[in-house]
Amino acid sequence: DRLEFERLLDRIHPADSRVRMLAKKTPASYVSFDLLAFDDHDLTRRPFAERRRLLEAALRDSDSPSVHLTPLTDSRDTALEWFDSFEGAGLDGVVAKPLAGPYVPGARSMLKVKHERTADVVVAGYRRHKSSTPDSPRLGSMLLGLYTEDGTLQHVGVCASFSAGRRVELVDELAPYEVTTDAERADHPWRWGAEPTDEEEGRRRPGAQSRWNAGKDLSFVPLRPERVVEVAYDHLQGNRFRHTTQFRRWRDDRDPESCTYAQLEQAISYDLGSLFRL
7 DRLEFERLLD RIHPADSRVR MLAKKTPASY VSFDLLAFDD HDLTRRPFAE
57 RRRLLEAALR DSDSPSVHLT PLTDSRDTAL EWFDSFEGAG LDGVVAKPLA
107 GPYVPGARSM LKVKHERTAD VVVAGYRRHK SSTPDSPRLG SMLLGLYTED
157 GTLQHVGVCA SFSAGRRVEL VDELAPYEVT TDAERADHPW RWGAEPTDEE
207 EGRRRPGAQS RWNAGKDLSF VPLRPERVVE VAYDHLQGNR FRHTTQFRRW
257 RDDRDPESCT YAQLEQAISY DLGSLFRL
């Protein structure tokens with residue numbers, strides 16, 4: 007067993023009938039890690055160590071197979087072991103919290119320690135930033151791809167979080183690679199502006215609508231897949247980056263077709279069931 011983030015997203019559905027169907031097909035589990043109130047008593051000002059003891063006491067007699075408690079340790083060696091092994095169960099890191107700290111709403115009083123790796127990926131398009139105008143175009147996010155064994159360029163995620171000035175510069179840097187003719191659009195690996203084939207139907211592609219973005223402009227500027235960028239990422243979910251990646255540097259010395267999934271490090275599988283006794 008491992009955490010499957012995409013199944014969790016499927017459970018967040020506006021249709022009541024589908025919610026009920028998925029609740030039976032893929033039942034969710036609740037993992038508790040803090041206790042902010044108990045019997046109408048506000049616990050937010052109590053230290054975390056005390057809140058944790060109260061949480062453990064509240065769940066001690068629970069016989070629900072769907073309610074679990076996060077593991078806790080004050081051993082650095084144990085935390086490092088968890089950091090390495092839990093990734094194989096689909097978790098992207100560990101969290102450190104001060105034992106004497108109260109719960110402060112809106113404040114980042116905990117530290118999330120995540121894995122960080124780098125990958126060389128192909129830039130095959132970009133979306134314009136919401137502040138972009140015809141007179142001052144700005145890049146919002148780069149659309150990234152990796153080649154599969156059969157030579158298909160698979161969309162794997164985005165790279166964003168640029169400064170305002172850098173967004174303008176990137177538009178100029180990528181302008182020579184823009185796809186401008188109908189013939190180039192037809193040859194683009196993501197079939198920009200075209201209807202998906204039967205094989206592509208159901209697979210994530212840039213610009214595809216979903217129930218969450220029906221009103222959002224997801225159009226993008228297609229680029230010839232000739233530039234390679236090194237990005238930092240924290241976790242691979244299936245064949246995509248789970249979160250937005252961070253720009254590290256251009257890799258103009260790298261052949262785009264050499265950017266394959268083979269470069270990605272695979273975490274050693276870890277049974278999530280052994281952690282929560284599933």
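Position 124, counted from 1, in the sequence shown is what my numbering calls 130; the numbers after and before it change by one each time, with no gaps.
All C-beta atoms, glycine included, are put in the ideal place defined by N, C-alpha and C.
These figures come from a predicted structure and were not determined experimentally.
Report task. Can you give me the start and stop residues for the beta strand (DSSP E) that S81 sits inside? Result -> Run containing S81: none; DSSP gives neither H nor E here.
Query - Cβ-based neighbour list, V73, same chain, cut-off 6 Å, excluding 5 preceding and 5 following - result: Y36
**Report entry** Nearest-angstrom beta carbon gap, Y267 and L152 [assumed within contact, 8 Å]
**Finding:** 5 Å
**Report entry** Neighbourhood of E236 by C-beta distance below 6 Å, restricted to the same chain and skipping five residues each side
**Finding:** T124, D126, R254, R255 and R257
Query raised in the report: Just reading off the beta strand (DSSP E) that R114 is part of, what are its end residues?
Result: No beta strand (DSSP E) holds R114; DSSP gives it neither H nor E.
**Report entry** G163 burial status per 10 Å Cβ neighbour count (16 or more: buried)
**Finding:** buried
Query raised in the report: By how many angstroms is the C-alpha of T84 removed from the C-alpha of P182?
Result: 51 Å
Query raised in the report: What are the residues that DSSP puts in a beta bridge with A43?
Result: D48
Query raised in the report: Based on Cα-Cα distance, which residue from W196, V234, E12 and R246 lies nearest to E179?
Result: V234
Report task. Whole angstroms is fine: what's the gap from E62's alpha carbon to T139's? Result -> 54 Å
Report task. To the nearest angstrom, report how far apart L42 and P53 are at their CA atoms. Result -> 11 Å
Query raised in the report: Using the rule of at least 16 other Cβ atoms within 10 Å of the residue's Cβ for burial, across every protein chain shown, is L105 buried or exposed?
Result: exposed
Report task. Taking P77 and L159 to be in contact with their CB atoms under 8 Å, please state how far apart those CB atoms are, rounded to whole angstroms. Result -> Going by Cβ atoms, the distance from P77 to L159 rounds to 40 Å, so no, they are not a contact pair.
**Report entry** Beta-carbon proximity list for Q269, same chain, < 7 Å, skipping 5 on both sides
**Finding:** A125 and D126
Query raised in the report: Quick check: the region 16-33 against the region 92-111, are there 3 or more CB pairs under 8 Å?
Result: no
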